[in-house]
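A.B. asks: Residue numbers (the numbering used here), protein chains in the order written: chain A, 137 to 303; chain B, 178 to 1124; chain C, 292 to 397. Please find one structure pasted underneath; my questions will follow.
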Amino acid sequence: MPDGLDIRIEQATDRALVSLRVARGAAEEAARRLHLALPLCVAGEDRQSLWLGPDHWLLASTTRAASDMIEHCAATLDGVLHNAVDQSAAFSVLRVAGADVRGVLASGAALDFRASSFPPGGCRPTRFAQVAVAIVATGADEFEIYVDRGYGKYLRDWLEDAVLIAE
Amino acid sequence: MSSPQPFRKAEGGRIDRTRDVAFTFDGRRYLGHPGDTLASALLANGVRIMGRGMKFHRPRGVLTAGIEEPNALLSVDWGAGRIPSVRATAMPLLEGLEGRSQNCFPSVNFDVGRVLDYTRALWPAGFYYKMFKWPNWHAFEWAVRRAGGLGRVPGGTDPARYRHVNGHCAVLVVGSGPSGLMAALAAGRRGEDVLLVEQDSEFGGSLLHDPMEIDGTGSDAWLAATLAELDGMDNVRRMANATVAGCYDHNLLTIHDRGAAYRGDGGVESFWKVRAKQVVLATGAFEQPMLFGKNDLPGVMLAGAVRKYASRFAVDCGRRVAGVVNNDSGWRALLAVHDGGAPVCAIVDTRRDVEADLLEAAGARGIPVYRGATPLKARGSRGVRALRFADGEGTVQQVDCDVIAMSGGWNPATQLYSQAGGKLRYDAALHCFLPDQDPAGWEAVGAASGSFAPGGGASVLPSAPAPVRTGRQWVDFQHDVTVADIELAVREDYISVEHMKRYTTAGMAVDQGKTSNLNALTLLGQLTGRTPGEVGTTTSRPQFAPVTMGAIAGNRRGDFYRPPKLLAAHDWHAAQGAVFDDYGSWKRPACYGPDRDAAIAREVLAVRQSVGLFDGSPLGKIEVRGPDAATFLDRIYVNNVPSLKPGRVRYGLMLNENGIVMDDGVFVRIAEDHFLVNTTSGNADRVAAWLEEWHQCEYFDIEVVLSPVTSQWAVATLAGPEARTVLESLPGLIDLSTSNFPHMRFAEGRLADDTPYRLQRVSFSGEQSYELSVPSSCAVSIFERLRSAADVGVVPVGVEALMVLRTEKGFIHVGVDTDGTTNPLDIGFGGVVARKQREFIGARSLARPNDQRADRRQLVGFELLDGDAGLAAGAHVVTAGNGMRSEGFVTSAFRSPTLGRPIGIGLIEGGFGRKGEEVLVYDAGRTTPARVVDPCFYDPAGERMRA
Amino acid sequence: MLTIPCPFCGDRDEAEFRYGGEAQQEVPPSGASDGAWSDYLFHRDNPKGLMHERWCHSYGCNQWFQVVRDTVTHRVHAVYQVGQPAPIADEIDVGDVDGVAAKSRG
């Protein structure tokens, strides 16, 4: 690695998050009605949806309140068993960006971070630095990492240390 | 200032003579050049003794010129901390490097440990094992542990940094000799994602010291052109100073990469974990030693190594070289050494038939040749002075020399191949083990596959192994295993190769037998009438070469060893004076204040007398929603679920299928089809996974969705007679009066400032108690508002005080007061089980006779008869006159601040029927009389928590 | 370290998964004998060769699924979802699992 890596780490704040879990067998119907992300992807702009599993999405918005999103789910998913719960305070979201970002992330997870395997628009629930995360490729060299808020400080320290020793 | 390097040739070599590299060995300063290894620089300076043998402390010089070195192990520091047992032959010479010899006292040149050599009759193979039986291992252990072993573990904190990196590639090429480079080139040209890994500091393998013609051009030009072409490919990466150390399932390979560390400036060692679709094994082969007396003397070296030092490093290993060989490659090495200016004074070949062109070449150079000869012994004490051998007619002869260059043939470096599950076969013509059945995705090329010349011709045809000659001929140099030791093993019937290895320790040193296994198993075969193929090889395991412990650990030290999970109000607790401990994955306040016992007592009394504030955020919270939610949970809990009305809370026990208590906690019916399951803090993830597993894998008929919400909600628990008063100071809550909101009720809503809340009235302390949940982002503000509420002094309470409070009440803590044998009947839930008429997880197990026995360990309380003695968790309960047999144990015990005396709860055989009985509590050598009592010591009627 | 092809997330490292033991353990009916119950709880076939087993991608999509794995070579022959019929060993297409090298050992 060359001296002075090109990588920035910052906390993304002020986004409302809603965990949406739907009944088995109802995932396709829910995805169709709410235009939810396909497997291993992120979709939408104003109200993003992150794919976390075949019946599980995380909805994220910087403009809408969690309660609005929950009501929207209830209205749109009428007749479909689901549970939409406010998770805005449950996650810490770290944004890591820069030309060297994929190399640094490769220290934390066995996931294939090469652009061919993890292009922008991808969302990967995985294990990173020993903890459960969801990683979203928001650009060619930009990622957002969603982690349990209890591990937020740890993960930030971990990433900063990884950058330091990779330099 | 350049001091002379007496054994450095005037010209040649792949070193940079324009620059000096200063280094020290055992405190003496020397100079070498960039491109040197530590070994080549020491040899250039005339240093021949680099270490001492592990067992007999005999002086040892360098044997090889590579990663397989068994002798020249030094303790080395180049600014990244001292590393023991570094192979000087594989250590690039770095500026300022400090090398130290190991395993010797007072010095490598005069070592008192050599006395072990003179008393060697006392230390035969297997002497450890014999000493275990007789006379007495403990009498010898101290001395043996001091004398044995290699190097010393560095003290203090390792200043070096390490990191792990994960990688993926289509083709991993291990080794960059001609075959490896060709494989990398071919895969690169196909456009595949290639990773080329070389353990040396330079790419090229044998081409760096054994130039040849490739594709009609000189190998130097070919090498330069090939590396340039590889560099031009975006799909090819290459690493030098990086050793592929291990191969694991599904082609996960680990690479110990010291490239950056050797560049200095605080560079880190990297440990790569690479998943490769294909692996090309181009690791070459290891030259094997010849067996003759005192073949461990400094100056006895492998012929290929002597040539490599001459050709690549421009170093003469001595002034007069004698050759001891059994194959053609040894001849070619000797001829090259001779042509390089170090005269060869004899070639002793055990074969009678030698190619005419080799004989001609030797004759033209005036080198005496002895065919069909037997090497007998190296002479000298601290270095070779002469070689004694029997010529083809049996006449004993002696030639003076200071180097004996030996070649006993070559054995492919198949260690990684074997780790991957590849099978080897013995090739009698080549006298070595070759790759035979490739593991999935593997291919061996070049010398690693037994193709010893890039052209494909067999250039190495050693003679059949010579007949065994007994005595002190070294087989394993590092572990001091001789032919005599293997003979002894055979005499004592250790004739399986695995037994022989362990009995003699041949091949068990840090070099893992790269230069000894073939000789050892060949000898074993000869002594037992078997071919090497019939004897077979031992199993090859990671690591292929020693890997720094730090590299394996990576950055997992300090707080990164185990990720600490912090409470949302962590800093607030710290400001209140919290002392944090690890509870599961969480860091939580154990108590508030430096004097632990005093703080815990103060906090307990605050809850009993006024009010305490506890952070219960880690409490597991799982929402269960759907038309079948009640049915689902009714199968999960021992308790009756459907009868619970919305807005109410019930305590529940969960069992595993074996009927063992797995978790407990309350569950809430928020609405008809909507439940909230609370788990113990340590089991939040486990219970969520448990519910998920049953839902996904077994209960296909159940319609529910599960949403873990633990981290969303911070929980402030207010407990004590003043709890309600404090809580009422929060505007916007419901009417908290007991008539409106009694014990075991639930409510949710929004506070006056619109903060959403969930409130449940439950008690783990036995006092009036409320658990208020707000979003974690509001944790600090809610804690601060409650603490400073009204005129009441709210005392922050840590986990330890809560443990005392619940023990006073006789409330169990699953996993502390229960273990892997405790069923619900044992802790007093027989009535609940009996009343439940429906199936639940674990129910069938409770019907087994063993689960119904009356003498099972059952939950009781203990009070001491002698009031001042302590009561410790873990203490065994014994009865006088019963031979001190343990009948159970104390599981939780404290000195109760509330009652002013020690109390405890625990599990003892038939405990329910023994209330009032006197027993003895045994702890740390002391027995104390105690009485079995009811486990609830405080407010047994439960009036305080319902108040 | 195994590479396990999660049917939902693709190839992932073994460290992301939780092992669930042999698949197709039928829960005995409520009236089953102590012996039958004990067989269900404790006795497994532990075959040498092909084994049907359960895995949960606990650090990923959190889904349970089933794997047909050779316990000798660790080769993964097939993955299938819970509730689907197990592929019969003879019908397993050795080429259907990407990412796990599938070269038969001679």
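Cβ coordinates follow ideal geometry from the N, Cα and C atoms, glycine included.
1) Since residue 627 (chain B) contacts residue 461 (chain B) with CB under 8 Å, what's their CB separation in whole angstroms?
2) Could you give the residue range of the alpha helix (DSSP H) that holds residue 976 (chain B)?
3) To the nearest angstrom, how far is the alpha carbon of residue 212 (chain A) from that of residue 194 (chain A)?
4) If we count the other Cβ atoms within 10 Å of its Cβ and call it buried at 16 or more, is residue 1042 (chain B) buried or exposed?
5) Within the chosen definition, does the region 322–329 of chain C reach the region 337–353 of chain C through at least 3 CB pairs nearer than 8 Å?
6) Between the region 699–730 of chain B and chain A, which residues of the former have CB atoms less than 9 Å from a CB of the latter, in chain order?
7) Does the region 143–162 of chain A come close enough to the region 195–214 of chain A to have 3 or more Cβ pairs within less than 8 Å?
8) For residue 160 (chain B), name the three-state secondary structure that DSSP assigns.
9) Could you say if the region 802–814 of chain B and the region 904–917 of chain B meet the contact criterion of at least three C-beta pairs nearer than 8 Å?
10) When you compare only the Cα positions, how much space is there between residue 248 (chain B) and residue 280 (chain B)?
11) Kindly indicate which three-state DSSP category residue 715 (chain B) falls into: helix, strand or coil?
12) Along chain B, in chain order, which residues have C-beta atoms closer than 9 Å to that of residue 330 (chain C)?
13) Please name the residue in B:339, B:1096 and B:1094 whose C-alpha comes closest to that of residue 730 (chain B).
14) Taking the DSSP output, what are the residues bridged to residue 946 (chain B)?
15) Taking beta-carbon pairs under 9 Å, can you tell me which members of the region 165–191 of chain A lie near chain C?
16) Run the proximity test for residue 522 (chain B): is its beta-carbon closer than 6 Å to any non-hydrogen atom belonging to the ligand FMN?
17) Assuming residue 583 (chain B) is part of the beta strand (DSSP E), what are its boundary residues?
18) Tell me whether residue 219 (chain A) is buried or exposed, calling it buried when 16 or more other Cβ atoms sit within 10 Å of its Cβ.
19) Starting from residue 350 (chain C), find everything on chain A with Cβ-Cβ shorter than 8 Å and list it in chain order.
20) Shortest alpha-carbon distance to residue 359 (chain C) belongs to which of C:311, C:307 and C:300?
21) Could you tell me whether the Cβ of residue 299 (chain C) comes closer than 7 Å to any Cβ of chain A?
22) Step through the CB atoms of chain B and report whether any lies within less than 7 Å of the CB of residue 232 (chain A).
23) In this structure, does DSSP put residue 554 (chain B) in helix, strand or coil?
24) Whole angstroms is fine: what's the gap from residue 1111 (chain B)'s alpha carbon to residue 1084 (chain B)'s?
25) Taking DSSP's pairing of strands, which residues face residue 791 (chain B) in a bridge?
26) Roughly how many whole angstroms lie between the Cα atoms of residue 1119 (chain B) and residue 1000 (chain B)?
27) Give a yes or no on whether the minimum CB-CB distance between residue 342 (chain C) and chain B is below 7 Å.
28) Any idea what DSSP makes of residue 224 (chain B), helix, strand or coil?
29) Counting only beta-carbon atoms, is residue 880 (chain B) nearer than 7 Å to chain A?
30) How about the region 510–528 of chain B and the region 601–617 of chain B: do they share at least three Cβ pairs that are nearer than 8 Å?
31) Determine the closest residue to residue 733 (chain B) out of B:342, B:309, B:201 and B:230, with distance taken between C-alpha atoms.
32) Taking residue 315 (chain C) as the query, report the chain B residues whose CB atoms sit under 9 Å from its CB, ordered along the chain.
33) Can you tell me whether residue 265 (chain A) is buried or exposed, with buried defined as 16 or more other CB within 10 angstroms of its CB?
34) Smallest Cα separation from residue 304 (chain A): which of A:232, A:142, A:161 and A:150?
35) Could you tell me whether the Cβ of residue 368 (chain C) comes closer than 7 Å to any Cβ of chain B?
36) Since residue 486 (chain B) and residue 242 (chain B) are thought to touch, with beta carbons under 8 Å apart, how far apart are those beta carbons, to the nearest angstrom?
C.D. replies: Working from what's here:
1) With a Cβ gap of about 11 Å, residue 627 (chain B) and residue 461 (chain B) do not count as contacting.
2) 976–986
3) 16 Å
4) exposed
5) For the pair of segments examined, the region 322–329 of chain C was found not to touch the region 337–353 of chain C: the number of CB pairs separated by less than 8 Å stays below three.
6) none
7) yes
8) Past the boundaries of the shown model lies residue 160 (chain B); chain B is included only from 178 to 1124, so the question cannot be answered.
9) no
10) 11 Å
11) coil
12) Within 9 Å Cβ-Cβ: nothing; residue 330 (chain C) doesn't reach chain B, min ~12 Å.
13) Residue B:339 is the option with its Cα nearest to residue 730 (chain B).
14) B:896
15) 175, 176, 187, 188, 189, 190 and 191
16) Of the ligands one can find in the structure shown there are none, so the ligand FMN has no counterpart to examine.
17) 580–584
18) buried
19) 261, 262, 263 and 268
20) C:311
21) Contacts with chain A at 7 Å (Cβ-Cβ) include residue 299 (chain C).
22) Chain B contact via Cβ: absent.
23) DSSP places residue 554 (chain B) in strand when its eight states are reduced to three.
24) 12 Å
25) B:894 and B:974
26) 25 Å
27) no
28) coil
29) yes
30) no
31) B:342
32) Going along chain B, no residue has its Cβ under 9 Å from residue 315 (chain C), so there is no contact; the nearest lies around 11 Å.
33) buried
34) In the structure displayed, chain A extends from 137 to 303; residue 304 (chain A) sits before or after that span and is not available.
35) no
36) 6 Å
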